[in-house]
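Here the sequence shown stands for residues 1 to 89, where the numbers follow full-length UniProt numbering.
All C-beta atoms in this analysis are idealised placements derived from N, C-alpha and C, irrespective of residue type, glycine included.
Here is the structure we will look at.
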Amino acid sequence: FHAMDTLQRNGYDLAKAMATLVPQGGPVLCRDEMEEWSASEAMLFEEALEKYGKDFNDIRQDFLPWKSLASIVQFYYMWKTTDRYIQQV
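Next comes the structure, spelled out in structure tokens:
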């Protein structure tokens with residue numbers, strides 16, 4: 001409903017309404033966590049996930065101590081969108 005309200009407040013001018021939704025200076029682009037991981041780190045992650053499930057603290061402690069917990073969690077959610085994950089399901 002926020003988008004419809006914004007459109008109405010801007011006189012149904014789509015370009016104007018969209019401009020109010022985008023932060024000044026353009027959209028904020030997120031860094032893809034997958035790009036920060038090597039193939040060997042991804043393999044370690046999959047091995048750790050098989051052993052510990054979603055216990056990210058144990059995964060970090062025993063398999064990927066040089067990665068932050070936030071990085072591991074982000075990678076997990078990105079990894080779930082990959083063909084590799086989908087083939088396992």
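By Cβ distance, which residues of its chain are closer than 8 Å to residue i, with the 5 residues on each side in sequence left out?
i	result
Thr6	Ala17, Thr20 and Leu21
Distance, Cα to Cα, residue i vs residue j?
i	j	result
Asp13	Met78	35 Å
Arg9	Gly25	22 Å
Arg84	Val73	17 Å
Phe45	Leu69	12 Å
Asp62	Thr81	25 Å
Ala48	Pro23	39 Å
Secondary structure at residue i, three-state DSSP: helix, strand or coil?
i	result
Asp5	helix
Ser40	helix
Leu21	helix
Residues in the same chain with beta-carbon distance under 6 Å from residue i, minus the five sequence neighbours each way, listed in chain order, please.
i	result
Val89	none
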